[in-house]
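In what follows, a single structure is set out as structure tokens and then discussed.
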DNA sequence: GCAAGGTC
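Residue numbers (the numbering used here): 14 to 764.
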């Protein structure tokens, strides 16, 4: 049997459909779809089975004896063994049983470095059960009959050097990431769910965000002034003009100019011009994500939707770097799909062209085509957001064949008492591609009918106080674009890296804001392990991978060099351990400050009770017992927004896999909670106020005796006692005492 | 419990 292995199930299905003389039979081997067919007849009969993987089906890790963070030093991970373990057992099992019967194996995974590694991973599994089976490799850039037939009639060799290059990346990422993550988490005392992660891609990304925040923090706004006027022509039509000194840095100068202004403006000059916008390039993943982001979809949401549109056959494969349609794609046929249905007027307009010349971007790759619509969907077939994404892909596809859009521009130069004013407008005369792709189009700015020499009435004048603004924070779409420019991450991982930073509570909000913890972690890394905080590490890795792929250097040599570098980093870290612990913990403390205590003026902080629960408590404890409750689970993020009524920072709760919960001011939240509690109580039959201490929950004979010894004999006395003192004397938790007090008089002493 | 990269 001839076994063909592809990177994913859909590729297996489609390749089988192309190569099989008649419909391939779908079979299941240990729960995995396999597509079988036969070529030839009788003695020459050749059976073929095509199976799809699910990307990497094995992964690398350290042996389990390294799993204990407290017992195994981070440094020990540098030279630890690395084992390969299955991540998809079902497929590994299927591959073994198919491999046993294979007389020949063809690796047909994606045509890129990671695809070569994925193919070799599969091959290694097969070789274990069938060491002598001959194998080859086919490379194709599109799954269409011609390309597939050509590729399969010209099989080549597996490129083990290229796979080694991919493998070196895995090892370096694991060793550096795991060792530094463990070191930083231990130094910060953040173990368990709260660990602080470090990585070749995530750390430079976080560094971008932190650096932007630093720029904002040191930014000093400078004041400036603007002079605006509203003008009216003889027909009574109004437009506005601005002083040609757009920003006056000197108030006096601005005032002088402003006071000169009279009632009449003279139109000195009208300058007409043209502007053309070129149509946009085909969608790569990054291009798609930022366009989707611009219409209000987060990167992870956009990718999740694109994934489901892809699996349902509505759009092509959504993970691609390619911005050039391959020659093999029949573009006219793809447009003809839309001759009927909601986009017919657009499709027909394009089909009238004798020649369809698409735009092309700078990046051209071999793995997948740019994202294009694959089949016709109707609005009713899709959910609202799915439709939004689908329509975006369709419209962008059309726009890449359309002509430029043309604007007519007009600039005015005016004079008011010797002061020069300017105004500019633009009118879309030829929509071109913008007709197909109407997203975020600039509006027309039109002027009334005007002639040079016209005299205009100044109906309003204004001098505006303004300030220069700090650089804006990154939005997710913008950040993904910058990551791509810097070579950080891949099309499939960039949005995941950002999600990771959110779920680790390194960042919050949109636009993105870092927490103080991020400042502390980045400061430490920049001082003692700068390599991991810079995009250069990826650049160096890429260079080394190229050298491995070209056979100029062996993988082991690159790994050896990388481990030596990491050892040097650890020498620095060990030398400065005390200082690192101190500065990390100081930074982490910042993220726990909620505000000042309304009772005593000391700091309010997030604290942990002995049992591990969390609450807001006062630093002046035990002299001050102010406290507020916090949710039991989720990462707590203290935002920079403050409550006007209570002066406390707003709080946000992050639970893995859930939408962030904006709890707001903890005091306001508690008051709200109390209100709903009271309402609920009001609905319930009123509980009798306990007459005797023994009526209270959890008070038995022994406790009653202890209370009596402490001088508490009545419910009234218990209600008035100092809960902390009493708790100490009778050796019972403060919480329990407070609970009794609540049932005694319905209020908590000091909250 | 650690990374980043595939895929769903």
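Yeah, the Cβ is synthetic: ideal placement off N, Cα and C, and Gly gets one too.
Within a Cβ cutoff of 8 Å, which residues of the same chain sit near residue i, ignoring the five residues on either side of it in sequence?
i           : result
residue 505 : 298 and 332
residue 427 : 244, 254, 278, 279, 280, 281, 433, 434, 435, 436 and 469
residue 41  : 47
residue 122 : 18, 19, 20, 66, 128, 129, 131, 132 and 135
residue 555 : 500
Would you mind giving the Cβ-Cβ distance between residue i and residue j, rounded to the nearest angstrom? I have them listed as a contact below 8 Å.
i           : j           : result
residue 372 : residue 493 : Not a contact, Cβ separation roughly 21 Å.
residue 667 : residue 515 : 7 Å
residue 496 : residue 507 : 5 Å
residue 63  : residue 29  : 4 Å
residue 464 : residue 438 : So it is not a contact: roughly 15 Å between Cβ atoms.
residue 481 : residue 234 : 5 Å
residue 418 : residue 374 : Actually they do not touch by this definition, with Cβ atoms about 19 Å apart.
residue 546 : residue 220 : 5 Å
residue 478 : residue 635 : With a Cβ gap of about 51 Å, residue 478 and residue 635 do not count as contacting.
Nearest to residue i by CA position, among the options, is which residue?
i           : options               : result
residue 252 : 148, 394, 474 and 577 : 474
residue 532 : 108, 518 and 524      : 518
residue 451 : 460, 459 and 441      : 441
residue 649 : 662, 380, 637 and 658 : 662
residue 658 : 106, 149, 651 and 678 : 678
residue 161 : 399, 33 and 555       : 33
residue 544 : 113, 66 and 216       : 216
residue 117 : 207, 401, 52 and 16   : 16
residue 95  : 124, 186 and 397      : 186
residue 404 : 636, 606, 419 and 354 : 354
residue 109 : 43, 168 and 148       : 43
residue 351 : 579, 286 and 407      : 407
residue 309 : 398, 174 and 323      : 398
residue 651 : 601, 633, 623 and 692 : 601
residue 367 : 414, 321, 356 and 645 : 414
residue 577 : 49, 90, 653 and 114   : 90
residue 429 : 645, 241, 623 and 592 : 241
residue 431 : 258, 488 and 690      : 258
residue 22  : 168, 86, 68 and 369   : 68
residue 653 : 566, 528 and 460      : 528
residue 113 : 101, 691 and 144      : 144
To the nearest angstrom, how far is the alpha carbon of residue i from that of residue j?
i           : j           : result
residue 103 : residue 325 : 23 Å
residue 198 : residue 224 : 22 Å
residue 201 : residue 641 : 25 Å
residue 262 : residue 191 : 52 Å
residue 25  : residue 421 : 52 Å
residue 389 : residue 317 : 20 Å
residue 551 : residue 213 : 7 Å
residue 36  : residue 334 : 33 Å
residue 312 : residue 490 : 7 Å
residue 345 : residue 364 : 7 Å
residue 181 : residue 380 : 21 Å
residue 188 : residue 141 : 27 Å
residue 761 : residue 734 : Its pLDDT being 38, under 50, residue 761 is placed unreliably by the model, and the measurement read from it follows with that caveat. Approximately 12 Å, taken between the alpha carbons.
residue 82  : residue 196 : 9 Å
residue 329 : residue 589 : 52 Å
residue 620 : residue 579 : 36 Å
residue 688 : residue 664 : 20 Å
residue 361 : residue 348 : 8 Å
residue 626 : residue 637 : 19 Å
residue 513 : residue 218 : 11 Å
residue 269 : residue 471 : 17 Å
For residue i, collect the residues of the same chain with a Cβ closer than 6 Å to its Cβ; drop the 5 residues on either side in sequence, then sort them by chain order.
i           : result
residue 359 : 411 and 449
residue 93  : 75 and 79
residue 695 : none
residue 557 : 571
residue 8   : There is no way to answer for residue 8, as the model of the chain reaches only from 14 to 764.
residue 203 : 209
I'd like the list of long-range same chain contacts for residue i, defined as Cβ closer than 7 Å, with 5 residues on each side in sequence excluded.
i           : result
residue 376 : 297, 334, 335 and 336
residue 155 : 339, 341, 342 and 382
residue 177 : 561 and 568
residue 193 : 211, 542 and 545
Ignoring anything shorter than 3 residues, give me the beta strand (DSSP E) runs that lie fully in the segment 70 to 140, in order along the chain. 71 to 74, 96 to 99 and 117 to 121
Which runs of the alpha helix (DSSP H) at least 4 residues long sit entirely within the segment 651 to 700? Give them in chain order. 679 to 696
Secondary structure, beta strand (DSSP E): runs of 3+ residues fully inside the segment 36 to 76: 38 to 42, 45 to 52, 59 to 65 and 71 to 74
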